[in-house]
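S.K.: Quick one: the structure is below, questions incoming.
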Ligand SMILES: Cc1cc2nc3c(=O)[nH]c(=O)nc-3n(C[C@H](O)[C@H](O)[C@H](O)COP(=O)(O)OP(=O)(O)OC[C@H]3O[C@@H](n4cnc5c(N)ncnc54)[C@H](O)[C@@H]3O)c2cc1C
């Protein structure tokens, strides 16, 4: 049995590790942080192809992931399907909508459009609540005889020596590990709030004024910001104010949300997801740079990695 080491324990590392186990490989995860300390643990996480490239590949991964989430919908593991309004304009990537299963996506009628939005889809999409879903995936990985080692990997040379095959799922950590100048942080601040009686949806059509609402089982996530090349991990009151102002301005809510927690995360943004074998270390495969859509595409990438390694 071939053995593989996956570096990284976020949504990309965990889904990759599980798909490799399903192919009969012996898998271990090596990561600086356990799943509950990763970026992946802090976010929404709704199926929404946002700030991820190139669209041809990522729409395909998103579509594969959509189907996989159908199988993942079980009570207690945090995966549900919810109605979601996605605003778009003439420049948006809307090809994902063409790949949606029949009956799950339609154009919103004028009376259904939130204030300030001219065009939108109404779809039924997966929601994977990280607080439930990541522990579920980690347990599943361990039950499948997976092992976990908490360790930082400091160079690609060191990574290559870890195993016969190594999959690099280090998210933004790959910037330092691979000396990758194409990888940049895209800072997002979000508000975890008490549940609200308003529809879930996202408007990413106004550059620098990202706005979204994700209703989850016990709370509501309201976002957000999308500041490129910003490493600031501190919560900024000015961003909280902007997020609330946008929510009130779009008319979806008449009252201010009750904030439980303010959260900041750095999206691993790249002009394209790095999804290839390393030139210098051919036993290392890179799977990082999933921008604002790691949850949206994770299973799709994992399925493709497993297919590649099996050949
Ligand atoms: C505010 C915000 C909201 C978001 N909302 C959504 C959403 O609703 N839907 C969606 O699909 N996406 C969303 N995203 C994007 C999503 O969070 C990311 O794309 C995804 O979490 C990336 O996952 P990852 O596993 O690649 O990285 P991470 O979760 O960052 O995990 C990286 C792993 O690699 C490890 N690591 C890093 N460097 C090293 C090293 N040198 N040695 C060993 N281990 C290392 C880390 O410790 C960690 O275990 C959001 C992002 C932000 C910031």
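Residue numbers (the working numbering): 10 to 320. Think of the CB as a built atom: it goes at the ideal place given N, C-alpha and C, for glycine as much as any other residue.
1. I'd like to know if the stretch 187-205 and the stretch 267-279 are in contact, where contact means that at least 3 CB-CB pairs between them fall below 8 Å.
2. Measuring alpha carbon to alpha carbon, tell me which residue in 298, 228, 155 is nearest residue 26.
3. From residue 325 to residue 257, what does the alpha carbon distance come to, in whole angstroms?
4. Contact between the stretch 303-310 and the stretch 68-78: three or more CB pairs below 8 Å?
5. Between residue 300 and ligand 1, is there a pair consisting of the residue's CB and a ligand heavy atom that are separated by less than 7 Å?
6. CB-CB under 8 Å to residue 252, same chain, minus the five flanking residues each way: which ones, in chain order?
7. Identify every run of the beta strand (DSSP E) within the stretch 253-280, keeping only runs that are complete inside it and at least 3 residues long; order them along the chain.
8. Say the cut is 7 Å; is the CB of residue 42 nearer than that to a heavy atom of ligand 1?
9. Please go through the stretch 140-195 and give each complete beta strand (DSSP E) segment of 3 or more residues, from N-terminal end onward.
10. If you follow the alpha helix (DSSP H) that residue 72 is part of, which residue opens it and which one closes it?
11. Specify, as a first and last residue, the run of the alpha helix (DSSP H) that residue 22 falls within.
12. Please name the residue, chosen from 192, 150, 170, that lies closest to residue 32 on a Cα-to-Cα basis.
13. By the DSSP assignment, the alpha helix (DSSP H) with residue 106 in it spans what residues?
14. Can you give the beta carbon distance from residue 135 to residue 240, rounded, assuming they're within the 8 Å contact cut?
15. One question on the structure: do residue 60 and residue 278 come within less than 8 Å of each other, judged by their Cβ atoms?
16. Count the C-beta pairs between the stretch 139-150 and the stretch 86-95 that are closer than 8 Å, then say yes if the count reaches three, no if not.
17. Can you name the residues that DSSP bridges to residue 136?
M.R.: By the coordinates alone:
1. yes
2. On the chain shown, residue 26 is found 17 positions in, with the first residue counted as 1. Of 298, 228, 155, the residue nearest in Cα terms is 155.
3. Missing from the structure shown is residue 325; the chain here goes from 10 to 320 and no further.
4. yes
5. Counting from one through the chain shown, the residue named residue 300 turns up at place 291. Because some heavy atom of ligand 1 lies under 7 Å away, the Cβ of residue 300 counts as near it: yes.
6. Here residue 252 refers to the residue found at position 243 of the chain shown. The answer, listed in chain order, is 198, 199, 200, 220, 231, 232, 233, 234.
7. 268-278
8. Indexing the chain shown from 1 puts residue 42 at position 33. Checking every heavy atom of ligand 1 against the Cβ of residue 42, one is found closer than 7 Å.
9. 156-159, 174-177
10. As a first step, residue 72 must be located in the chain shown, where it is residue number 63. Segment 64-81, the alpha helix (DSSP H) holding residue 72.
11. By 1-based counting over the chain shown, the position of residue 22 is 13. Its alpha helix (DSSP H) spans residues 20-31.
12. Within the chain shown, the letter at position 23 stands for residue 32. Nearest of 192, 150, 170 to residue 32, Cα basis: 150.
13. Sequence index remark: in the chain shown, residue 106 carries index 97 (1-based). For residue 106, the enclosing alpha helix (DSSP H) starts and ends at 104-107.
14. Indexing the chain shown from 1 puts residue 135 at position 126. Indexing the chain shown from 1 puts residue 240 at position 231. At roughly 30 Å, the Cβ-Cβ gap does not stay under 8 Å, so residue 135 and residue 240 are not in contact.
15. As a working mapping, residue 60 is identified with position 51 in the chain shown. As a working mapping, residue 278 is identified with position 269 in the chain shown. Against a cut-off of 8 Å, the Cβ pair of residue 278 and residue 60 comes out as a contact.
16. yes
17. As a working mapping, residue 136 is identified with position 127 in the chain shown. Paired residues: 55, 89.
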